[in-house]
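Student:
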DNA sequence: TATTGTTATACTCTATAACTATA
DNA sequence: TATAGTTATAGAGTATAACAATA
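Residue numbers (the working numbering), protein chains in the order written: chain G, 158 to 312; chain A, 158 to 312.
#1: Assuming residue 172 of chain G contacts residue 266 of chain G under a Cβ cut-off of 8 Å, what Cβ separation, rounded to an integer in Å, is found between them?
#2: Out of G:186, G:166, G:183, G:304, which one is the CA nearest neighbour of residue 178 of chain A?
#3: Chain A beta carbons: is any one of them nearer than 9 Å to that of residue 168 of chain G?
#4: Quick check on the burial criterion: 16 or more other C-beta atoms within 10 angstroms. Buried or exposed for residue 312 of chain G?
#5: In angstroms, rounded to a whole number, what distance separates the CA positions of residue 245 of chain G and residue 194 of chain A?
#6: Please report how far the alpha carbon of residue 250 of chain G lies from the alpha carbon of residue 231 of chain G, in whole angstroms.
#7: Under 9 Å between C-beta atoms, does residue 303 of chain G make it to chain A?
#8: For residue 185 of chain A, name the three-state secondary structure that DSSP assigns.
#9: Does chain G have any CB closer than 9 Å to the CB of residue 219 of chain A?
#10: Count Cβ pairs between the region 195-205 of chain A and the region 219-229 of chain G that sit closer than 8 Å; are there 3 or more?
#11: With distances taken between CB atoms, is the gap from residue 276 of chain G to residue 163 of chain A smaller than 9 Å?
#12: Count the other CB atoms, across all protein chains shown, that sit within 10 Å of the CB of residue 234 of chain A; report buried if there are 16 or more and exposed otherwise.
#13: Going by DSSP, name the residue or residues bridged to residue 247 of chain A.
#14: For residue 290 of chain G, which of A:299, A:297, A:282 has the nearest alpha-carbon?
#15: In chain G, which residues lie with their C-beta within 9 Å of the C-beta of residue 260 of chain A?
#16: Can you round the beta-carbon distance between residue 269 of chain G and residue 185 of chain G to whole angstroms, since I take them to be within the 8 Å contact cut?
#17: Who are the Cβ neighbours of residue 278 of chain A in its own chain at under 7 Å, not counting the five residues just before and after it?
#18: Just mark residue 259 of chain A as buried or exposed, buried being the case when its beta carbon has 16 or more other beta carbons within 10 Å.
#19: Measure the C-alpha to C-alpha separation of residue 209 of chain G and residue 243 of chain G and round it to an integer number of angstroms.
#20: Any C-beta of chain G within less than 9 Å: which residues of the region 274-287 of chain A qualify?
#21: Exposed or buried, which one is residue 239 of chain G when buried takes at least 16 other CB atoms within 10 Å?
Next comes the structure, spelled out in structure tokens:
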């Protein structure tokens, strides 16, 4: 495949994958923004600003998505005692349950698509996807390092 | 990686990729729904119903997205002479130009993320993504075959 | 009657700008 | 003054239900 062909297919494939995620999540009545916020919280409580940076969306977007999840009882909002401006966000048990359902639904749909290829290539598709996660993490660490460097420079 | 861990990471990774696509497309002022519709039309004109099936969205969703793209001059709507209920949708030259920009923007962003890994794994990530396209196509062909079988059965 | 596409309606995500509360 | 978060507002995507036009 030429570089030009590759350039066309990469974005399009990722966009189609994104639609499949949305469709799979619809079966558990979750939007992809809600799903991303839930799994970001799964590793522990976070502040709203931190979430906005990790999810790469604006602060008001986080507020809107959080509103919806709080209304459904999937997360809890509480104010930090030390700095009362800060909001702490936590998954509820129900939130954890729905998150697990969402994970299963998306995985089921994507593996079902992959298995239309031969078993070897299907396994490759599924097993290689987590590599992206490693790339995301590497990128985030680089950003954190740059952020820290900036702050030291300013002080 | 255990099957359970894999089940968690697959959906989450795909969801994060989807957000990156949206962010990349924002730089060319396109939504992912508009992008998907544009590249689906790139291979030739289509009817609205056909598009809805291929994009796996409802008919009113197609109407809404088409409205936006027609307003921006990226596609043209015309009525079929043979069956006047049918609408034919076509890319304009401007639509083709914007689509190329969009492809480039998404590819640039995804490759930039991938290159946070070592070169070997980065290349693997990028080069394997098109395999999903093959899986999507295989799935669509199976659906078309089932559709045809149903219609024969009914007639 | 069946099909194609649109309109009506409602909910969510997204962003920027302006605001409140706290530090 | 600076920061954390929300409110106000506007534009877009999604769906279901109801409708119009055509076959």
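Even for Gly, the Cβ is constructed at its ideal location relative to N, Cα and C.
Tutor: To lay it out plainly:
#1: Contact between residue 172 of chain G and residue 266 of chain G is ruled out by a C-beta separation of about 16 Å, above the 8 Å threshold.
#2: The residue from G:186, G:166, G:183, G:304 with its alpha-carbon nearest to that of residue 178 of chain A is G:166.
#3: With 9 Å as the cut-off, residue 168 of chain G counts as an interface residue toward chain A.
#4: Reliability fails at residue 312 of chain G, whose pLDDT of 49 lies under 50, so the model's placement of it is uncertain and the value that follows must be treated cautiously. Exposed, because fewer than 16 other Cβ atoms sit within 10 Å of the Cβ of residue 312 of chain G.
#5: Roughly 39 Å between the two C-alpha positions.
#6: Looking at the two C-alpha atoms, the distance is approximately 7 Å.
#7: At a cut-off of 9 Å between beta-carbon atoms, residue 303 of chain G makes no contact with chain A.
#8: In the three-state DSSP reduction, residue 185 of chain A falls in the coil class, being neither helix nor strand.
#9: Not flagged as an interface residue toward chain G: residue 219 of chain A, since no C-beta distance is shorter than 9 Å.
#10: With a cut-off of 8 Å, the region 219-229 of chain G and the region 195-205 of chain A do not count as touching, because too few Cβ pairs lie within range.
#11: Their beta carbons are not under 9 Å apart, which means residue 276 of chain G does not touch residue 163 of chain A by this criterion.
#12: By the 10 Å Cβ count, residue 234 of chain A comes out exposed.
#13: According to DSSP, residue 247 of chain A bridges with A:233.
#14: Nearest option by C-alpha distance: A:282.
#15: Correct list: 164, 165, 166, 167, 168, 169.
#16: The pair is not a contact, with the Cβ atoms about 16 Å apart (cut-off 8 Å).
#17: Nothing listed; no residue qualifies.
#18: Result: buried.
#19: Answer to the nearest angstrom: the Cα atoms are 13 Å apart.
#20: Against chain G - using a Cβ distance shorter than 9 Å - the residues of the region 274-287 of chain A are 274, 278, 279, 281, 282, 283, 284, 285, 286, 287.
#21: Exposed.
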